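S.K.: Using UniProt numbering, the first residue of the sequence shown is number 1, and each one after it goes up by one.
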Amino acid sequence: TLSRSVCCCCYRVREYSRSLPNTFSVLIPVLRRCFVCVLASVPIMTQQGPAFDSNCMTLTRFVLQEQKKYKHATGDLSQLLNCIQTAIKAISSAVRKAGIAKLQGISGDTNVQGEQVKKLDVLSNEIFINMLKSSYSTCLLVSEENDNVIEIETDKRGKYVVSFDPLDGSSNIDCLVSIGSIFAITKQVNEGTEPSVADALQPGNKIVAAGYALYGSATMIVISLGNGVHGFMYDPSIGEFVLTDYNMRIPERGNIYSINEGYASTWDDAVRNYIQDKKDPAKGKPYGARYVGSMVADVHRTIKYGGIFIYPATAASKNGKLRLLYECNPMAYLMTQAGGKAYAGKNLEILDVVPTSIHQRSPIYLGSKLDVEEAISYIK
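Okay, here's the thing in structure tokens:
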């Protein structure tokens with residue numbers, strides 16, 4: 001069978017097709033290859049088709065291209081982003097194998113937020129920490145899963161501080177709803193000095209790069225280096241993130257609000273009145289309600305389609321629930337880069353808030369410019 005240009009199964013299929021009565025002669029051209037060979041040929045056919053880009057813009061290539069715009073660039077940020085990209089690939093693989101590899105369920109621990117830690121949370125945190133340390137570009141790390149800042153060993157230190165949520169929306173892991181990772185990168189306040197927690201406590205307007213990964217029907221990285229927001233879809237056939245959404249822009253106004261209405265009884269009057277007006281036909285066309293419970297998924301949808309995402313203060317959480325450094329700031333940075341707005345309260349933009357602790361919480365209103373401005377106008 002090796003001398004033939006077909007596999008054993010294909011050979012049998014062809015022999016079988018010849019034995020068919022004339023009535024089935026129309027099937028003979030179809031029955032030329034076995035099912036396995038048909039499937040195996042699909043990638044080849046796709047690569048030969050017009051949809052395959054022989055000059056695709058990968059994330060690595062994009063970052064290097066951006067680096068060239070800065071005369072005195074050292075390449076440290078490019079190296080750091082490449083390590084983050086690798087961490088996201090590893091987490092994406094773990095997410096897709098979670099059920100089979102028994103990574104679902106609770107590990108038995110609780111994190112600094114008092115939340116039950118999932119097994120996949122632990123793995124994702126370890127992957128991020130190890131990859132960031134090995135980039136030789138960081139001096140401090142702030143993770144949702146760690147009580148204190150993580151100080152990098154002297155021989156591996158660089159000038160960047162990375163704040164990250166290794167796996168956002170982990171309550172959705174076991175039911176296969178979209179989850180994600182979030183990160184923000186700032187520079188050490190005084191480069192070359194001994195790092196301290198003060199280097200991590202910088203407002204969002206000091207961010208040099210931020211982004212998130214979405215693990216959904218596909219894996220996607222949405223990132224900004226301070227010059228617009230760009231989306232890269234993971235192509236498993238080449239193992240690279242490929243540019244699919246260049247210069248993402250949020251509509252000036254949307255028709256969707258995203259908020260957990262289960263807490264409506266604990267909201268203050270401003271939020272309650274705003275949401276009620278968005279549902280009232282007498283005040284205009286009612287908005288649709290969408291809420292996944294994974295910030296990455298909800299914010300990604302908001303950037304794509306417009307509208308507003310709100311996680312306000314409640315009676316139980318006077319300062320809101322979402323963390324400033326590794327949830328609110330990165331998302332606010334991306335939203336403003338995409339043409340939207342992000343506020344913590346009346347006349348207080350998220351990116352202007354100076355943090356006082358690494359796990360500080362904040363209310364957040366972000367989304368389309370006109371929607372956010374309208375929501376903020378309700379606050380007295």
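We put the beta carbon where it would ideally sit given N, CA and C, even for glycine. Model, not experiment: these values are computed from the prediction.
Check whether the stretch 149-162 and the stretch 129-136 touch, using three or more Cβ-Cβ pairs below 8 Å as the test.
M.R.: These segments touch.
S.K.: For K206, which residues in the same chain have their Cβ closer than 7 Å to its Cβ, ignoring the five residues on either side in sequence?
M.R.: Excluding sequence neighbours, K206 sits near T186.
S.K.: Below 7 Å CB to CB, which residues in the same chain sit around Y378 once its five sequence neighbours on both sides are set aside?
M.R.: Result list for Y378: A270, N273 and Y274, in chain order.
S.K.: Per DSSP, what kind of secondary structure is Y326 in: helix, strand or coil?
M.R.: Of the three classes helix, strand and coil, the one that applies to Y326 here is helix, per DSSP.
S.K.: According to DSSP, simplified to helix, strand and coil, what is N166?
M.R.: Per the sequence presented here, residue 166 reads as Pro, with Asn not at that position. P166 falls in the strand class under three-state DSSP.
S.K.: Less than 9 Å separating the beta-carbons of L295 and Y311?
M.R.: What sits at residue 295 in the sequence shown is Met, not Leu. Going by C-beta atoms, M295 is nearer than 9 Å to Y311.
S.K.: Taking all protein chains shown into account, decide if T74 is buried (16 or more other Cβ within 10 angstroms of its Cβ) or exposed.
M.R.: Burial call: exposed.
S.K.: Consult DSSP for T336 and reduce its assignment to one of helix, strand or coil.
M.R.: In the structure shown, T336 sits in a helix (DSSP, three-state: H, G or I).
S.K.: Using DSSP with H/G/I as helix, E/B as strand and the rest coil, what is A297?
M.R.: In the structure shown, A297 sits in a helix (DSSP, three-state: H, G or I).
S.K.: Considering only DSSP beta bridges, list what Y311 is partnered with.
M.R.: DSSP output for Y311 lists I364 as bridge partner(s).
S.K.: So for S143, helix, strand or coil by DSSP?
M.R.: S143: strand per DSSP, three-state reduction.
S.K.: What does L214 pair with, by DSSP beta-bridge criteria?
M.R.: Partner(s): G180 and M220.
S.K.: Whose CA, out of E327, L81 and Y160, lies closest to the CA of R61?
M.R.: The option with the nearest alpha carbon to R61 is L81.
S.K.: Find out if the Cβ-Cβ distance for the pair G204, N319 is shorter than 9 Å.
M.R.: No.
S.K.: Residue range of the alpha helix (DSSP H) that K69 falls in?
M.R.: No alpha helix (DSSP H) contains K69, which DSSP labels as neither H nor E.
S.K.: Where does A264 fall in DSSP's three states?
M.R.: It is helical.
S.K.: For the beta strand (DSSP E) that contains T244, what are its first and last residues?
M.R.: Per DSSP, T244 belongs to the beta strand (DSSP E) from E240 to D245.
S.K.: With distances taken Cα to Cα, identify the nearest neighbour of residue 383 among R290, Y291 and Q276.
M.R.: In this structure the chain extends from 1 to 380, so residue 383 is not present and cannot be described.
S.K.: Can you list, in chain order, the residues of its chain with a C-beta nearer than 8 Å to that of G339? Leave out the 5 residues immediately preceding and following it.
M.R.: For G339, where only same-chain residues beyond five positions count, the Cβ hits under 8 Å are R249, I250, E252 and K369.
S.K.: For T228, collect the residues of the same chain with a Cβ closer than 7 Å to its Cβ; drop the 5 residues on either side in sequence, then sort them by chain order.
M.R.: Reading off the sequence, residue 228 comes out as Gly, not Thr. N247 and Q337.
S.K.: Are the beta-carbon atoms belonging to T193 and V162 less than 9 Å from one another?
M.R.: Not a contact, by the Cβ cut-off of 9 Å.
S.K.: For I256 and I350, I'd like the C-alpha separation in whole angstroms.
M.R.: Cα to Cα, I256 sits roughly 21 Å from I350.
S.K.: Sort V292, L77 and I303 by Cα distance to A184 and report the nearest one.
M.R.: Comparing Cα positions, the closest option is L77.
S.K.: Going by the CB atoms, is the gap between H230 and V242 shorter than 9 Å?
M.R.: No, the Cβ-Cβ distance between V242 and H230 is not below 9 Å.
S.K.: Just the Cα atoms here: how many angstroms apart are L322 and S196?
M.R.: Going by the C-alpha atoms only, they are around 24 Å apart.
S.K.: Exposed or buried, which one is Q65 when buried takes at least 16 other CB atoms within 10 Å?
M.R.: Exposed is the call here.
S.K.: Taking only three categories from DSSP, how would you classify K380?
M.R.: In the structure shown, K380 sits in coil (DSSP, three-state: anything other than H, G, I, E or B).
S.K.: How many Å lie between P50 and A218 at the Cα?
M.R.: Low local confidence applies: a pLDDT of 49 at P50 is under 50, so the model's placement there is unreliable, with the coordinate-based value given in what follows. Cα to Cα, the separation comes out at about 22 Å.
S.K.: State yes or no: is the beta carbon of G216 nearer than 9 Å to at least one beta carbon in chain D?
M.R.: Absent from the structure is chain D; it holds one protein chain and no more.
S.K.: Quick check on DSSP: helix, strand or coil for D277?
M.R.: Helix, per DSSP.
S.K.: Looking at the secondary structure, which residues open and close the alpha helix (DSSP H) in which M131 lies?
M.R.: Counting along the chain, the alpha helix (DSSP H) containing M131 begins and ends at K119 to K133.
S.K.: Quick one: what's H230 bridged to in DSSP?
M.R.: Answer is I223.
S.K.: Excluding five sequence neighbours on each side, which residues of the same chain lie with their C-beta closer than 6 Å to the C-beta of Y333?
M.R.: Closer than 6 Å at the Cβ level, and outside the excluded window around Y333, lie G204, I207 and A210.
S.K.: Once DSSP output is grouped into helix, strand and coil, what is the label at S258?
M.R.: Three-state result, S258: strand.
S.K.: For P236, count neighbouring Cβ atoms within 10 angstroms of its own Cβ and tell me buried if that reaches 16, exposed if not.
M.R.: Exposed, by the Cβ-count rule.
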